[in-house]
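According to my numbering, the sequence shown holds residues 34 to 172 in order.
First the structure, in the form of structure tokens, and then the observations on it.
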Amino acid sequence: EEQEEDVTVVHCQLTDLSDVLPLLHVSIKVQVVCLLIIELVLAQNRLRSIDDLPDLPHLVDLDLYDNLLAGLPTDIGTRFPSLKTLDISFNCLTSADELAGCTGLDRLYASNNYLSNVAFTETLHSLRVLEVGNNKLLV
34 EEQEEDVTVV HCQLTDLSDV LPLLHVSIKV QVVCLLIIEL VLAQNRLRSI
84 DDLPDLPHLV DLDLYDNLLA GLPTDIGTRF PSLKTLDISF NCLTSADELA
134 GCTGLDRLYA SNNYLSNVAF TETLHSLRVL EVGNNKLLV
């Protein structure tokens, strides 16, 4: 029986996802089945990338607050198609153009980065909350 899961890994000083990945998979015989993770909290670590995260088709909330992310996966919208809430605040992002593919995104928290524009939001028609304070935005 499938069940939805929340995974929280906060303030663990992680620099990569190799220690977290086993939590995201369950091995059943030869087949590897990804849990129905709907919320994933990886806040307050030292992650530089989330490229190693598996596709999480049911993920709704992703919290990457306070890490060292310098970029996002180019295919983030297809890897996490159910994503509604994303917190990428307090990272090292200079661009978030990859988020243009996250058309179902409802809430985006991206304050305290180095973003110079938010043009990517033009495709985010479901976006209701946008926080981008303390960036390098030009008005």
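The beta-carbon is built from N, C-alpha and C at its ideal position, and this holds for glycine as well.
Predicted, not measured: the structure shown is a model, and the values here were computed from it.
Buried versus exposed, by CB contacts within 10 Å (16 or more), residue i
i: Phe153; result: buried
i: Leu171; result: exposed
Sequence-distant residues of its chain with Cβ nearer than 8 angstroms to residue i (five each side left out)
i: Ser122; result: Tyr98, Asp99, Tyr142, Ala143, Ser144, Asn145, Asn146 and Glu164
i: Asp84; result: Pro106
Beta carbon of residue i nearer than 9 angstroms to that of residue j
i: Ala129; j: Leu105; result: yes
i: Asn127; j: His158; result: According to the sequence as given, residue 127 is Thr; it is not Asn. Their beta carbons are not under 9 angstroms apart, which means Thr127 does not touch His158 by this criterion.
i: Ala133; j: Thr156; result: yes
i: Leu2; j: Cys125; result: A query on residue 2 cannot be resolved here, the shown segment of the chain reaching from 34 to 172 and no further.
Any non-hydrogen atom of the ligand FAD closer than 8 angstroms to residue i Cβ
i: Leu157; result: This structure lacks the ligand FAD, and indeed carries no ligand of any kind.
Span separating the alpha-carbon of residue i from that of residue j
i: Ser82; j: Ala103; result: 7 angstroms
i: Pro90; j: Lys169; result: 32 angstroms
i: Leu240; j: Val93; result: Because residue 240 is not part of the residues shown, which for the chain are 34 to 172, the question remains open.
i: Arg140; j: Asn78; result: 22 angstroms
i: Leu116; j: Gly110; result: 8 angstroms
Coil, strand or helix - residue i by DSSP
i: Leu132; result: helix
i: Thr127; result: coil
i: Thr107; result: coil
7 angstroms Cβ shell around residue i - same chain, five flanking residues per side excluded
i: Leu160; result: Leu138, Asp139, Leu141 and Thr154
Cβ neighbours of residue i in the same chain (closer than 6 angstroms, five flanking residues each side left out)
i: Phe113; result: Leu89 and Leu92
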